[in-house]
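See below for the structure under consideration.
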Amino acid sequence: MTLDHKRLGLMYLWSIIAMMFLGGAFVMLIRAELFSPGEDFVSADTFNQLFTLHGSIMVFLVIIPSIPAALGNFVLPLMLGAKDVAFPKLNRMSYHLYVMGAIFFVASMLATGLDTGWTFYAPYSTSESPAHRAILFAVFGAFVLGFSSIFTGLNFLVTIHKMRPPGMTWFKMPLFLWAIYATSIIQILATPVIGITLLLVAVERMLEIGIFNPALGGDPVLFQHMFWFYSHPAVYIMLLPAMGVMSELISTYSRKSIFGYRYIALSSVAIAVVSFVVWGHHMYVSGQSVLVSVLFSAITFFVAVPSAVKVFNWIATLYKGSIRLTSSMIYGLAIIWLFGIGGLTGLWLAALETDIHLHDTYFVVSHFHFVMVGSAIMAFLGGIHHWWPKFYGTMLNEKVSLWGASLLFLGFNLTFLPQFIAGTQGMPRRYFDYAERFEGYNQISTVGAFLMGFSMLLIVANFLRSIRSGKPAPANPWGAVTLEWNTAPIPDPHNFDDAPVVGDPYDLSIFKWDEAEGGYVPTRPVPGLPYIALPNADSTESQH
Amino acid sequence: MTESSATSHVHDEHVAHHFDDAAQQFETGKLGIWTFLLTEVLFFSGLFVVYSTLRNNNPEVFAYAAQFLDTKLGFLNTCVLLLSSFTFALGVRNAMLGQTKALGINLVITFLCAAGFMGIKYQEYSHKYHEGLLWSGSEHSVFKANLDDVHPEIRAHSSVWGDAQKLTPEFRHEIGQFFAIYFCLTGLHGIHVLLGMILIAWLLMRNARGDFGPNNFNAVDFGALYWHLVDLIWIFLFPLLYLIA
Amino acid sequence: MILPTLLPLILQQQDGEGGFFFPPVASDLAIASDSLFFTILYLSGLFFAIIVFTTLYFVWKYHHTKCPEPQPSPVHNNTIEIIWTVVPTILLAWIFMEGFEGCLARKTPPPDAYEIHAQGRKWSWNFTYPDGTESSVLHLPLGKAVRVNLASSDVLHSLFVPAFRVKMDVVPGRYEQLWFTPTMLGEFDVYCAEYCGTNHSAMITTAVVHSQEDFDAWLSEAGDFMTKLSPIEAGERVFASKGCAACHSVAGVAGIGPALNGRFGQERKLSDGSSVTFDANYVRESLLDPTAKIADGFQPIMPTFQGQLDDDKMRVLVEYLKSLQ
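Quick note, the sequences are listed as chains Y, Z and V, same order.
Just so we're aligned: 620 in the numbering used here is position 514 of the first sequence, and the numbers increase by one with no gaps anywhere.
Just so we're aligned: 222 in the numbering used here is position 181 of the second sequence, and the numbers increase by one with no gaps anywhere.
Just so we're aligned: 135 in the numbering used here is position 125 of the third sequence, and the numbers increase by one with no gaps anywhere.
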C-alpha cells in the first residue's frame, strides 16, 4: 500500500466524506423525528442512539481528522517543498488506525444501544446504560482514533520543524502551516488524556473499578474534568485548521497579501496555548466550585481575543483587493459571518450568569454547530474546492459549486438560527419530545437540515463528476503562490524535482489574470517556477 | 515508488528518500521520539490526576491502604529497572561504536531485567488477589461496605479480613479506590514494560542481522529513550503508591 | 418594512409575560440574567453588524470587475492591530465582570430561605418539604426566597426551570443546591437538562407558584393527606408524588415498566421463567429490592425506594394498586 502523503490524503478525504454521510443520515432521522412533538418515526431509545452516533461520528471520525488529516496530508508537504512527511510509515499507520476506529464505531452501531451521548458522562456510561458491548466498541474506537490523531499531529509537527526548505523561515511559512502547527500541539498534548479517560470508562464497565462511579466511592465530576480537558482543546483541533484554510482563501481570492501576517500566525499559537485552560466553562452548573468557574470564565473571555483578531485581519485583507467570488471564496466569506455568530454567541455561554439559563439548551447546540459546521466543515469544503485541481488534475463545475455553497449556507442558517431562540426559550438539548411551544423553531430547523443534506449531495456529486469528466486543470488555476501550486497539474509522487525556491507565500502580484489566455500568467520572470499557468481556453470562473 | 531515480541527491542506503542527509534524518527522528514521549507523559498524567483527586477526596483512606503494598518488592523492582536503563544506555554506546556483540549482551541483560520486573509484579498481583486487596467492585474484594458481601473464600483465607471488620463501612467503601488506581497505574506501566520487551526483542533481532553500526544506531538510541521514560514513570509511581503514608 | 416592526419586538426588554427570546420572567434572578443577556446582545449585535457591513462593502467595492488589479495598501499596521486587540479585550473583561457579579449574587442563599429537598431519579422528580410532605410537583410561595437542595438516586440529572433562569446539575453521591425568589404567580415548566437515558425528555414536571396563603393551604392539605383521604386516594397521591407514573402506566400500556392496572392478585411471569403472585409482599419486595424479581420482558432498571417509603405509605400504595382495574 502507498506511503505517498497525497494518496493517503485522498484516502482520508473519501473515508471522511463517507463517514460524514453516515453521521448525516442519522441527523436526518433526528430532524425528521423532531419535526413535531411526540413519537413520529423512532422510539425514544432509538432517538438517543441516533444523537449519540451522530455526535461521536461527526466529532471523532469527521471534523477532527477533516482538515488536518485529509487536506493537511495532501497539502502540507507540498507547501513545505518537501518530498513527504517526516515519517511516511507512521502516516500510513495513522490512516490504518483511522479505519480501525471507524470499524469499531460501525461495530458499536451494529451492536446497537450506544445511548450515552458523545460525551460518555459517568456514571451513566460506566454503570447505568444497558448497552455494554456497544459502549466498549465505541470507547475503544475513540481510543484508537485518538492515536491516529496523535500520530498525525506528531508527524506534522516534526515535518514543519525539520523539513522546511532552505529560506523558509518560520515567518515565511504559509499561515495554513502555522495553523496546522498549532493544531498539532493540541493533538499531541490533549489527546492522550481522553485516551486514558476512555480507557478508564472501559475498565470501569468491565471490572467495576468504580473510579467515576459514586456508588463505588468514585467521582463523576472528575470524569467531566478529564473529558473536557481534551474536548475543549479538541474544539480548536477542529477550528484552527479551518482558520488556516481561511487565511489562504481570503488572500488568494482577494489577490492581496494577507493583512497582519504575524498577528494571525501568533494568534494561532496563542489560541492553542490558552485552549488548554478553559475546559471548566463546560461545567458552570456541574457542581465545580464557584472560584474555579470564575477563573475559567475569565480565561475563556481571553481566548476570544485572538479569534477576533483573526477575523479583523481577514476583513482588512479584502480592503483594496481584487475580489473574485469563486466558490472557495464564497465559503471563505460565509465563514467570516458564521464564525462571527458562533464566536459572539460564545460570549453568553462564557459569562457566568447568562450561561446558567443557556447551558445544555438548544442555544448551546446551535452555538457549537456554528463553530463546528459553520466554520470547520465549511472551511473543509472551501479547502477542497480550492485544492481540488491538484487532487485529480481536473476542475470542478464552478456553477454547481456555487449552487452547493449557497444552498448549504442557506440551509445552515435555516437550521441553526431558530435553535438559538428555542434555546433561550428553554428547550433542553438531547430531547426526544418537546413542548408545543417549541414546535415552530423545530419545523424550520428540520426544513433547513434537509436543505443542507440536499446541498451536500450536490457538492459531492460535483466532486464525482469532476473525477469522471472534469476539464483538465492547469497547474495553477487560481494564481496562488504557495509552493503546492508550483507542481505539475497532478503532482509527481516525489512532488518536486529540485528543491523549490522559497519566496513570500503571499506575494500574489507574481501572477496576473490574463483574459486572452483565460488563466493566470506570471507578471515577471520568477526563478524556480517550472510550472507556469497554462492557457486554459474555457475559463472555469463563473464571472460577470 | 520511484523516488531514488528522480532525486538529485546521492543517498546512502540508511537515509530514506525524503531526507536530504543522515543528519536531517537523525534530527527528525529524535524530535519525533521526544514528541512521542511527551504524549506518553500526558497519557500517564491523566492517571496521576485521578490519583491525586481521589487521594485528595480521602487522604486518610489512601494513607491507610498504602501499608498493604510490599515496599521491599517495590524497591527491588525499582533497582531492577534502574539496572536495565543502565545496560540499555551502555547498549546505545556499543551501537555507536559498532560493538555488535557487547550491544547484544547489554540488550539481553535489559530484556532479562524487564522480564524480572514483570515476574516480581506478578508475585505482587497474585498476593493482592489472594488477600482480596482489590477494588470494591470486585467480588473478591475484602473491603465491602456491607461485610456480608465479602466472598466466603476471602473471609477464610485473607489475613486482612480481621482488619477489614474493624473499619467503618464508609472507610471500607472508599478504600477500594486506592486499589483501583494502584492496579490502573501499575497495570498501564506494566503494559509499557511489555511493549518495551517486544521492542528490545526486535532490536536484538536486527542486531543479530548486523543492522547497527556507527552509521545506523537511531533505532537503538530511540528505543533507549522510550525505555528510560518507562523507568522514570516507575520512579514516580513507587513513592506515590508505596511510600507516602 | 418588516424590520421596523420586528426590531422592537426582538430588542425590547422583556415584560413579565416573556417575549421573542425568553419565557416569562418569574424570578428575581431572571431579571438580572436577562438584562445581561440583552447587554451582550446589543454589543455583539453591533460588532456583527460591522463585520457584515464591511465584508459586503469591500466585496462590492473591490470586486474584480471594478478593480481588476489590487491597489497598493499596507499589509500590516501595528496601531490598528493593537486597537482591535485592546478594545475587544476591555469589552470582554467588562462582560466577564458583569457575569461574575451576577454569579456572586446567586452564590449564597439568604439564611432564612425556605428549604425544599429535590430528589432526581430516572425519570421523575420528587420534592420534599420541611414538614416531610412530598410532591412530584414543585409548589412554591410567591416572593419568598427558596433554596432547593438537590440529590440524585442514580445518574446525573439537572434541575432546570426556564422561567426562573435557574439550572443546577444533580450529582449522585453529593448534594448541590440552587435558590431563587419566585416573583410571579402561575405554572412553569421544570425540565431535566442533563441527559439521563431513555426518558430524559419526559422527566418533566411543573413549578406552581402560589400566594403565601394558598401555599400554606396546599401544604397543610398535602401534609396530612394520609389521615384525611381514603387509603385508595392516599395511595394514588403517593403513586403520583413518587413519580411512579414515569414508567408504570395505570391504563394497560406497557412503558419502561409493566402497566400496573388489573394486576393485583394475578400470577406474574418473571424473566427467569418462574412466576409469582402479584400480592402485597411482591409489591413490597419490588419497592425495596426492585431487581430481585423482574417481570418478563422488562429491564432490571427500577431504582430502589428503600428508606423513602414507610409502612403506611406502602400500605396505601397496595390499596391503590388493588383498586386499579
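Ideal Cβ positions, reconstructed from N, Cα and C, are used throughout, including at glycine.
Which value, in whole angstroms, describes the spacing of the CA atoms of residue i and residue j?
i: T521(Y); j: G223(Y); result: 21 Å
i: V286(V); j: F246(Y); result: 42 Å
i: E108(V); j: V200(V); result: 27 Å
i: S645(Y); j: N261(Y); result: Here S645(Y) scores only 41 on pLDDT, less than 50, and its place in the model should not be relied on; the value that follows carries that caveat. Answer to the nearest angstrom: the Cα atoms are 38 Å apart.
i: F30(V); j: S281(V); result: 51 Å
i: T258(Y); j: N257(Z); result: 26 Å
i: M562(Y); j: A124(Y); result: 12 Å
i: G28(V); j: A173(V); result: 9 Å
i: S512(Y); j: F407(Y); result: 32 Å
i: W202(Z); j: T94(Z); result: 28 Å
i: P599(Y); j: Y201(Y); result: 18 Å
i: H181(Z); j: R113(Y); result: 53 Å
i: Y223(Z); j: L150(V); result: 49 Å
i: N582(Y); j: Y626(Y); result: 7 Å
i: G233(Z); j: H198(Z); result: According to the sequence shown, residue 233(Z) is His rather than Gly. Their Cα atoms are separated by approximately 33 Å.
i: L297(V); j: Q316(V); result: 7 Å
i: V56(Z); j: F277(Z); result: 37 Å
i: I616(Y); j: P271(Y); result: 20 Å
i: L444(Y); j: H331(Y); result: 29 Å
i: P633(Y); j: K268(Y); result: 24 Å
i: F220(Z); j: L175(Z); result: 5 Å
i: N154(Y); j: F418(Y); result: 40 Å
i: G115(Y); j: K496(Y); result: 12 Å
Going by DSSP in three states, residue i sits in which element: helix, strand or coil?
i: S49(Z); result: Note on S49(Z): pLDDT 41, under 50, position unreliable in the model; no value is reported.
i: V627(Y); result: strand
i: D289(V); result: coil
i: Y139(V); result: coil
i: D299(V); result: coil
i: G115(Z); result: helix
i: P192(V); result: strand
i: E545(Y); result: helix
i: P412(Y); result: helix
i: K71(Z); result: helix
i: E144(V); result: strand
i: Y185(V); result: coil
i: Y612(Y); result: coil
i: E647(Y); result: Confidence at E647(Y) is low in this model, with a pLDDT of 41, below 50, so its placement is unreliable and no value can be given for it.
Whose CA, out of the options, lies closest to the CA of residue i?
i: Q394(Y); options: I100(V), V180(V), G196(V); result: V180(V)
i: F526(Y); options: F476(Y), M484(Y), S512(Y); result: F476(Y)
i: A485(Y); options: G144(Y), L109(Y), F157(Y), P171(Y); result: P171(Y)
i: I483(Y); options: M349(Y), S255(Y), A192(Y), A321(Y); result: M349(Y)
i: L117(Z); options: E215(Z), M159(Z), L240(Z), G73(Z); result: M159(Z)
i: M236(V); options: G55(V), K323(V), S45(V); result: K323(V)
i: F263(Z); options: A205(Z), W75(Z), D62(Z), F84(Z); result: W75(Z)
i: P310(V); options: A40(V), F137(V), P268(V), G142(V); result: P268(V)
i: V156(V); options: P241(V), E144(V), L39(V), S54(V); result: L39(V)
i: F110(V); options: R630(Y), P633(Y), V379(Y), Y390(Y); result: Y390(Y)
i: L229(Z); options: I239(Z), F184(Z), A107(Z), F84(Z); result: F84(Z)
i: P34(V); options: V326(V), S162(V), I90(V), V176(V); result: V176(V)
i: E186(V); options: F225(V), P119(V), P140(V); result: P119(V)
i: H73(V); options: I292(Y), V191(Y), S428(Y); result: S428(Y)
i: A567(Y); options: K505(Y), P194(Y), R430(Y); result: K505(Y)
i: G275(V); options: A264(V), G262(V), Y292(V), S259(V); result: Y292(V)
i: L282(Z); options: G231(Z), D252(Z), R96(Z); result: R96(Z)
i: F63(V); options: Y540(Y), A422(Y), R571(Y), Q155(Y); result: A422(Y)
With hydrogens ignored, establish whether the beta-carbon of residue i is closer than 6 Å to any heavy atom of the ligand FAD.
i: V398(Y); result: Summarising the ligand content, the structure contains no ligands, and the ligand FAD is consequently not present.
On the DSSP bridge assignment, give the partners of residue i in chain order.
i: F198(V); result: A217(V)
i: R131(V); result: S134(V)
### Query
Going along the chain, which unbroken runs of the alpha helix (DSSP H) with 4 or more residues stay wholly within the stretch 356-429 of chain Y?
The stretch 356-429 of chain Y contains these whole alpha helix (DSSP H) runs: 367-380, 396-424.
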